[in-house]
Each structure stands twice: as structure tokens, then as C-alpha cells.
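Encoded as C-alpha cells, the structure appears first; notes follow it.
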Amino acid sequence: GQSLEQPSEVTAVEGAIVQINCTYQTSGFYGLSWYQQHDGGAPTFLSYNALDGLEETGRFSSFLSRSDSYGYLLLQELQMKDSASYFCAVSPGNTPLVFGKGTRLSVIA
Amino acid sequence: KAGVTQTPRYLIKTRGQQVTLSCSPISGHRSVSWYQQTPGQGLQFLFEYFSETQRNKGNFPGRFSGRQFSNSRSEMNVSTLELGDSALYLCASSGGLDNEQFFGPGTRLTVL
Chain A
5 GQSLEQPSEV
15 TAVEGAIVQI
25 NCTYQTSGFY
35 GLSWYQQHDG
45 GAPTFLSYNA
55 LDGLEETGRF
65 SSFLSRSDSY
75 GYLLLQELQM
85 KDSASYFCAV
95 SPGNTPLVFG
105 KGTRLSVIA
Chain B
563 KAGVTQTPRY
573 LIKTRGQQVT
583 LSCSPISGHR
593 SVSWYQQTPG
603 QGLQFLFEYF
613 SETQRNKGNF
623 PGRFSGRQFS
633 NSRSEMNVST
643 LELGDSALYL
653 CASSGGLDNE
663 QFFGPGTRLT
673 VL
């Protein structure tokens with residue numbers, strides 16, 4: 005089976021940096037994705053890592069270590085609008101994404 | 563390009579009834595997946611359709627079913643509704659090339 009673990013809640017200050025970790029156990033693995041979901045909204049794609057290392061997209065970066073079955077999402081220069089839920093998801097291969105339960109990020113002034 | 567659309571956006575039903583939800587994927591996308599989202603449980607995969615065929619199925623009872631039409635639009639049906647079926651039902655389409663899924667706004671189902 006597949007399972008993903010990520011913190012349920014994280015609080016950070018506006019302008020700071022926050023890291024959201026994700027560990028996974030899957031029978032197959034093609035890559036790790038991150039999605040953002042604001043309250044009342046739909047999940048939106050942030051990033052995808054198929055290979056080890058860091059992928060940077062503006063203020064957001066995502067990291068993957070396949071040997072450690074671990075990844076993280078790094079948000080820099082936090083803004084109030086970054087308050088949302090963040091989901092990691094794995095691609096086991098021949099099945100659609102398996103999502104973690106999400107991390108609720110609260111950005112405070 | 564228009565995004566994924568879902569209808570209806572909100573629905574209230576009573577126990578024992580059935581419901582049909584609709585999803586129109588992004589033009590050109592042939593894969594449509596359905597997820598159930600409840601507080602604290604994240605997104606749980608229901609099923610995936612590709613070219614009118616169910617390609618994958620999650621661990622949900624047989625009361626949950628779906629289908630896909632030749633224009634890639636998809637419907638999911640829940641029969642004999644239970645209180646625990648109250649959730650946000652999300653549909654996502656994918657072009658299949660880069661694992662990115664595009665989600666619709668969801669249908670919020672309340673079962674009374």
C-alpha cells in the first residue's frame with residue numbers, strides 16, 4: 005500500500021521561511037508532487053520532483069530524496085496569501101496520485 | 563483554455579437517496595479522476611477514467627460508481643446515500659504527460 009506523512013499544522017511569520025516535510029511509503033514511485041488548496045478552493049499544482057534534488061519556482065522550492073523516501077516544500081518570503089493547506093502526493097506509477105492528509109499553514113503578521 | 567468544471571457546486575440530499583455529479587475536463591484531456599475530500603482525511607481517490615474505461619479504482623464501496631463519455635466528460639453516481647458521504651467531491655483531469663492534475667472547484671454534497 006501507500007502512505008504519506010506530513011505535519012497537520014504549521015504556523016509561520018510573514019516574511020519568514022517555512023519548510024513542510026513529507027515522508028512516504030509506496031509500493032512504486034515515480035515522483036512527488038505538491039498541491040496548494042485555499043479554503044473553499046480547488047487544489048492547484050505547485051511542483052513535481054521525479055529526481056533527487058531541489059526544484060525552484062519563484063518563492064517556492066521542492067526537494068526530493070528518493071533514498072530517504074522524503075521530500076519537502078520550502079516557502080520563502082511568506083505572504084499572508086500563502087495561508088492554505090499544502091498536500092504532498094506520490095505517483096505510484098500505474099495508478100493516479102495518492103495524497104497525504106495535508107498541512108494547514110497559517111501565516112501570521 | 564477553459565478549466566475543469568463541475569456541476570452542481572452544492573447539493574443537499576437525504577439518506578437513502580442517490581446523486582449524480584458531473585465533470586467536464588480541460589479540452590484535450592482524456593484522463594479524469596475523482597476524489598472525496600473530508601476534513602482531516604485529505605483527498606481519497608475514488609476512480610480514474612481514461613478513454614471511457616475505468617483504469618483505476620480506489621477502496622470505496624460499490625455504491626460509488628462512475629462513467630466517462632466519448633467527449634471525456636465524466637459522471638459519478640452515489641446510490642443509497644449515507645451521512646458519511648457528506649464531503650467535497652473533486653474531479654481532476656490530466657493530459658498525462660507530466661503528472662499534473664487540474665482540479666475542478668468541486669461539488670459539496672451534504673447528506674441529511
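These protein sequences, in sequence, are chains A and B. Taking the numbering used here, the leading residue of the first sequence gets 5, the next gets one more, and so forth. Taking the numbering used here, the leading residue of the second sequence gets 563, the next gets one more, and so forth. All C-beta atoms in this analysis are idealised placements derived from N, C-alpha and C, irrespective of residue type, glycine included. In this text the structure is predicted, and so the values were computed from the model without any measurement.
Taking 7 Å as the upper bound on Cβ-Cβ separation, chain B lies near residues F91, S95 of the stretch 64 to 96 of chain A.
Two segments are said to touch when three or more pairs of C-beta atoms, one from each, lie closer than 8 Å; by this definition the stretch 567 to 575 of chain B does not touch the stretch 589 to 599 of chain B. Close partners of F607/B in chain A (Cβ separation under 9 Å): T99, P100, L101, V102, F103.
With fewer than 16 other Cβ atoms inside 10 Å of its own Cβ, Q580/B counts as exposed.
Close CB contacts of Q616/B within its chain, under the 6 Å cut and outside five residues either way in sequence, are with F609 (chain order).
In this structure, DSSP gives G646/B a helical state, which the three-state scheme calls helix. The beta carbon of P47/A sits closer than 8 Å to some beta carbon of chain B. In the structure shown, K105/A falls within a coil segment according to DSSP collapsed to helix, strand and coil. Taking 8 Å as the upper bound on Cβ-Cβ separation, chain A lies near no residue of the stretch 570 to 588 of chain B.
Contact between V94/A and L36/A is confirmed by a C-beta separation of about 6 Å, below the 8 Å threshold. For A88/A, the closest of G106/A, P96/A, G75/A by C-alpha to C-alpha distance is G106/A.
Between G45/A and P667/B, the alpha-carbon positions lie close to 6 Å from each other. Residue burial is scored here from C-beta neighbours: T672/B has fewer than 16 other C-beta atoms within 10 angstroms and is therefore classed as exposed. The alpha carbon of Q603/B has as its nearest neighbour, out of G578/B, L650/B, F665/B, S656/B, the alpha carbon of L650/B.
Taking the CA atoms as reference points, E13/A sits about 25 Å from A654/B. Comparing alpha-carbon positions, the option among Q599/B, Q568/B, A564/B, C585/B lying closest to R635/B turns out to be C585/B. Residue pairing from DSSP places Y90/A in a beta bridge opposite Q40/A, T107/A.
In the DSSP assignment, the residues bridged to Q630/B are S636/B. Of the residues assessed, G578/B falls on the exposed side of the cut-off, its CB having fewer than 16 other CB atoms within 10 angstroms. Taking C-beta atoms under 8 Å as the contact rule, F103/A and L605/B qualify, at a distance of about 4 Å. For G590/B, not one C-beta of chain A is nearer than 8 Å to its own C-beta.
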